[in-house]
Amino acid sequence: MTHVLLVDDEPLAREELAYLVTQHPNISSTAEADSVEEAMEQIMDKKPDIIFLDIHLTDESGFDLATKLKKLKKSPYLIFATAYDDYALKAFKVNAMDYILKPFDETIVHEALDKAISIIKPSDTSPKKKTEPIDAIPIQGEDRIFLVHPKDIYLVSVEDKELSVHTKNEAYQTSGSLSKIETRLPTDIFIKTHRSFILNTTKIQEIQPWFNNTLQVTLDNGLKVPVSRSYVKPFKEMIGLS
1 MTHVLLVDDE PLAREELAYL VTQHPNISST AEADSVEEAM EQIMDKKPDI IFLDIHLTDE
61 SGFDLATKLK KLKKSPYLIF ATAYDDYALK AFKVNAMDYI LKPFDETIVH EALDKAISII
121 KPSDTSPKKK TEPIDAIPIQ GEDRIFLVHP KDIYLVSVED KELSVHTKNE AYQTSGSLSK
181 IETRLPTDIF IKTHRSFILN TTKIQEIQPW FNNTLQVTLD NGLKVPVSRS YVKPFKEMIG
241 LS
């Protein structure tokens, strides 16, 4: 079973989150802390598997604790749980694996726990590998911030100044620019095919000639993406077409 530590300086917030966490069938116990010092004592003593951490603690920052966790030989799975939605990128840099927003929703809390448990306690019997920090991209949703790994992104597009990040079955609308998110994507698998599209070349299912010496790419989730004339040559070179 799984032990969870809740770090928040607001007793009501801890109480609410503790209730939601204990409703999850795979959580065996919880502990609470309202400061970085108390949290470190709990971590050393109880060795929690998962930590829910608020950013603003009394006269302290949750990032102080996150920095200390990075130095541990085996650090707990870290989920930031906060009322502030503008620290996601900084949270990722201190190895946070998820980021949820107050007020807490049971479904979102349980989704975060499911994800955590699947990583720290995989059900298969294969040898366990050390969990490396996920180079995830924070994407602002309506009620939470999603951390999406680049390998799971099929396409990034912009239309009418709205940026969309497409995975196999989802499309997340978010703020920002295509050029900014392009800097976060690995250049060995992603390529710009149009001023409004960047695609993941590992997700290509089919390529068809299109009008005026352009191409149309079909991804394996059914999305169709144009390759405009000025991008055809670098696109062909990247995927090995003569």
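All residue numbers for the sequence shown refer to the UniProt record's numbering, where the first residue is 1 and numbers rise by one. C-beta: ideal position from N, C-alpha, C; glycine also.
Proximity to residue 169 across 198, 219 and 29 peaks at 219, based on C-alpha coordinates.
Assignment of residue 194 by DSSP, reduced to helix, strand and coil, places it in the strand class. Taken in chain order, the complete beta strand (DSSP E) segments of 3 or more residues contained in the UniProt domain "HTH LytTR-type" (137 to 241) are 137 to 140, 145 to 148, 155 to 159, 162 to 166, 171 to 174, 190 to 194, 197 to 200, 204 to 209, 215 to 219 and 224 to 227.
Fully contained in the region 84 to 122 are the following beta strand (DSSP E) runs of length 3 or more, in chain order: 98 to 101. Shown here, residue 72 sits in coil according to DSSP, grouped into three states, outside any helix or strand.
Here the region 175 to 187 does not lie against the region 215 to 232, with fewer than 3 beta-carbon pairs under 8 angstroms apart.
In this model, residue 137 and residue 46 are separated by some 31 angstroms (Cα to Cα).
Residue 32: member of the beta strand (DSSP E) spanning 27 to 33, first to last residue. By the 16-neighbour rule on beta-carbons within 10 angstroms, residue 149 is exposed.
Distance from the Cα of residue 193 is smallest, within the candidate group 203, 217 and 176, for 217. Considering only 53, 195 and 89, the residue with the shortest C-alpha distance to residue 64 is 53. Between residue 181 and residue 155 a beta carbon distance of about 11 angstroms is seen, past the 8 angstroms cut, so the two are scored as non-contacting. Burial state of residue 117 is buried, judged by a 10 Å Cβ sphere holding 16 or more other Cβ atoms.
In the three-state reduction of the DSSP assignment, residue 50 falls in the strand class.
Secondary structure of residue 55 (DSSP, three-state): coil. Take residue 203, set aside five residues on each side of it, and the residues of its chain with a beta-carbon closer than 6 angstroms to its own are 154, 219 and 220, in chain order.
The C-beta of residue 89 has fewer than 16 other C-beta atoms within 10 Å across all chains shown, which makes the residue exposed.
The residues 189, 190, 191, 238 and 239, in chain order, have a CB closer than 8 angstroms to that of residue 201 in the same chain once the five nearest residues on each side in sequence are set aside. In its chain, beyond the 5 residues on either side, no residue has a beta carbon closer than 8 angstroms to the beta carbon of residue 230.
Around the Cβ of residue 17, a 10 Å sphere holds 16 or more other Cβ atoms; the residue is buried. Rounded to whole angstroms, the gap between the alpha carbons of residue 114 and residue 10 is 25 angstroms. DSSP links residue 60 through a beta bridge to 57.
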